[in-house]
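Working notes, structure below.
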Amino acid sequence: MSVFHIAKIVLRSLFSKPATGMYPFKKREYYLSTRGSIQNDIESCIFCGLCSKKCPANAIEVSRNDKQWSIDRFRCVTCNACVEACPKKCLVMKNTYTAPATIKSVDKFTKSAESQQ
Amino acid sequence: MSERMVIPFGPQHPVLPEPIHLNLVMEDEKVVDVLPSIGFVHRGLEMLVKKKDFNAYTYVAERVCGICSYMHGMGYCQAIENIMGIEVPERALYLRVIGAEFSRIHSHLLWLGLCADAFGFESLFMHTWKLREQILDIMEEITGGRVIFSAVKIGGVKRDLDEAMLTKILDILNDLEPQIKEISSVFIESVTVRHRLEGVGVLSTEDAISTGAVGPMLRASGVSQDMRKLNYAAYGQLDFDPIVEKNGDSMARCKVRIREIFQSIDLIRQAVKKLPQGTIDTPFKGNPDGEYFARLEQPRGEVIYYVKANGTKFLDRVRVRTPTLANLPALVKVLKGCDLADVPILVLTIDPCISCTER
Ligand code: SF4
Ligand code: SF4
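Just so you know, the protein sequences line up as chains A and B, in that order. Be aware that the first sequence starts at 23, since it is given in this note's numbering, and climbs by one per residue. Be aware that the second sequence starts at 1330, since it is given in this note's numbering, and climbs by one per residue.
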């Protein structure tokens, strides 16, 4: 009978472990391919600006003179276009997300002085 | 004759989180006329094509909808590929079928859950969405995103699937299929569900055709029309028939969607089995020049992507006709003469997606 049909499923769920994760105690594991957040290995960046040109959300700003690369993570839609465009392969898409924040900010990466010489 | 009165339904209504407003003209408990209005979440995505170059617009097209994201990207890319004469590699076409069919399963499970929720069957809703979660997980693993997949690009797809992943896909489908069967049998057999769906909102074959309904709405009224039969992507090489039900009521629409879930599982299996070796994308140069109509079958029905290009990297026009827009006249048709209590169910049975209707 159909009434018992759902009852069977519900009872089974009642006596098995929860389908949801116990969040603060057990964090979800991301897959290798998950697009989480952009990281720049700034020491090998040549500030060509290709990534900022390709970015559909205009999240990246590159300043060749100051040797500075900045990303507005609140604009970034983690589409991976910048990673695909980078000629030096210094951008990577990490599979972890950036932490939530109460104020918007821009992440700045500056090339260290020694490596500039 | 009793006095007529107008009851506003939406734009905020518990049955669906999306903003559609209906003015229901009532005579006692019966709806005699309906005036729908949309336009609450217009985002101007079609206009954005003048500011984003045609490659970057793929990301915009994917964001037209959060459920058929994969197929919006695919529709836009197909239009550009046809204008530019890009030959997409066979393997990429099969991978697109796999991605698109997973989206269909996920969308139909979502709808089944929402439908159960609409008639107050909480446990059924939760159990359906539990299964959907596994589909989202596998989508995340193969494309990198849970909702916006960014997997399709002009000329092919972005990620390949290796042997291990293909085996995993088949294993997960084997595991999910009996579970989906179990849940769907509740929808088909349960007395409670049948009370709410059977004979409610009958759309006759003639009405379905004359109002221009698409997708499951049309097929539930006995018209065998499925855009996948136009043989885009790799559908031409796969063996399937459009799913058709005769009755045209809410139950028939529910059954069409349930049967399509199993059809999609079968299509993924076929695609995995036939997946040819080779590259997954074709490099191309230059800008598109010309225009094209791409027609695809989304979970909600036929979507049309019209693209007009002028030889520069900015397109002239992109126009999207989404399935929900085509189904609104049919909705108005079935709402006339129904009881007020059935309105939420009927609004749901067209599987409305207002955000993509308005873009
Ligand atoms: S594309 Fe790569 S090398 Fe060029 S500026 Fe961006 S991160 Fe640096
Ligand atoms: S991932 Fe996409 S949106 Fe984010 S910075 Fe890179 S190109 Fe821009």
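Ideal Cβ positions, reconstructed from N, Cα and C, are used throughout, including at glycine.
With its beta carbon less than 8 Å from one in chain A, Glu1470/B belongs to the interface.
Within a 10 Å sphere around the beta-carbon of Tyr119/A sit fewer than 16 other beta-carbons, which makes this residue exposed.
With the rule of 3 Cβ pairs closer than 8 Å, the segment 1510-1520 of chain B does not count as touching the segment 1529-1541 of chain B.
Nearest in C-alpha terms to Asp129/A, of all of Ile93/A, Arg97/A, Pro109/A, is Ile93/A.
Put simply, of Val1531/B, Val1649/B, Ser1479/B the residue whose alpha carbon is nearest the alpha carbon of Ile1633/B is Val1649/B. Shortest gap from the CB of Pro1340/B to any heavy atom of ligand 1: 7 Å or more. Exposure of His1524/B is indicated by the presence of fewer than 16 other C-beta atoms within 10 angstroms of its C-beta. Using a Cβ distance threshold of 8 Å, Pro78/A and Val1417/B do not count as a contacting pair. Around Val1515/B, the beta-carbon contacts reaching into chain A at under 9 Å are Ser24, His27, Ile28, Ile31.
Membership of Ser92/A in the beta strand (DSSP E) is indicated by the continuous run 90-93. Interface criterion not met: the Cβ of Ala1447/B is under 8 Å from no Cβ in chain A. Here Gln1341/B carries a coil assignment [DSSP, helix/strand/coil].
Ser85/A is bridged by DSSP to Gln90/A. Following the DSSP letters along the chain, one finds Phe1622/B in no alpha helix (DSSP H) but inside the beta strand (DSSP E) bounded by residues 1618-1627. Scanning Ile1415/B, Gly1528/B, Gln1407/B for the CA closest to the CA of Met1580/B turns up Gly1528/B. Taking a Cβ-Cβ threshold of 7 Å, the residues of chain A close to Leu1453/B are Ile28, in chain order. Residues of the segment 1467-1491 of chain B with a Cβ closer than 8 Å to any Cβ of chain A, in chain order: Glu1469, Glu1470, Ile1471, Thr1472, Gly1473, Gly1474, Ile1477, Ser1479, Lys1487, Arg1488. For Ala1659/B, not one C-beta of chain A is nearer than 8 Å to its own C-beta. Contact fails between the segment 1330-1350 of chain B and the segment 1432-1439 of chain B, because fewer than three Cβ pairs, one in each stretch, are under 8 Å apart.
Identification of chain B residues near Asn102/A by a Cβ-Cβ cut-off of 9 Å yields Gly1473, Ser1479, Lys1487, ordered along the chain. Scanning its chain for C-beta atoms nearer than 6 Å, with the 5 sequence neighbours on each side dropped, one finds around Glu1469/B the residues Arg1475, in chain order.
Under the DSSP assignment, Met1580/B falls in the alpha helix (DSSP H) whose first and last residues are 1579-1603.
Under the 10 Å beta carbon count, Asp1446/B is surrounded by 16 or more other beta carbons and is classified as buried.
Taken in chain order, the unbroken stretches of beta strand (DSSP E) that lie wholly in the segment 1343-1388 of chain B and span 3 residues or more are 1350-1356, 1359-1366.
By a beta-carbon distance limit of 8 Å, Ile1509/B does not contact Ile1467/B. Their separation comes to about 14 Å.
For Cys98/A, same chain residues with a beta-carbon under 7 Å away, outside a window of 5 residues either side, are Ile60, Ala79, Ala81 in chain order. Counting only runs that start and end inside the segment 1648-1684 of chain B, the alpha helix (DSSP H) elements of at least 4 residues fall at 1652-1664, 1672-1678.
By the criterion of at least three beta-carbon pairs nearer than 8 Å, the segment 1397-1409 of chain B is not in contact with the segment 1355-1369 of chain B. Taking C-beta atoms under 8 Å as the contact rule, Ile68/A and Lys110/A qualify, at a distance of about 6 Å. Taking the Cβ of Ala103/A as the reference point, every heavy atom of ligand 1 lies at 7 Å or farther away. Relative to the non-hydrogen atoms of ligand 1, the Cβ of Asn87/A never comes closer than 7 Å to any of them.
For Asn62/A, the CB falls within less than 7 Å of some heavy atom of ligand 1. Contacts with chain B (Cβ-Cβ distance below 9 Å) from the segment 86-117 of chain A involve Val99, Thr100, Cys101, Asn102, Ala103, Glu106, Met115, Asn117, listed in chain order. Taken residue by residue, none of the segment 1398-1409 of chain B has a beta-carbon sitting less than 7 Å from a beta-carbon on chain A. With a cutoff of 7 Å, Lys111/A does not count as near ligand 2, since its C-beta is closer than that to no heavy atom of the ligand. Under the Cβ distance rule, Pro78/A counts among the residues neighbouring chain B, one pair being separated by less than 8 Å.
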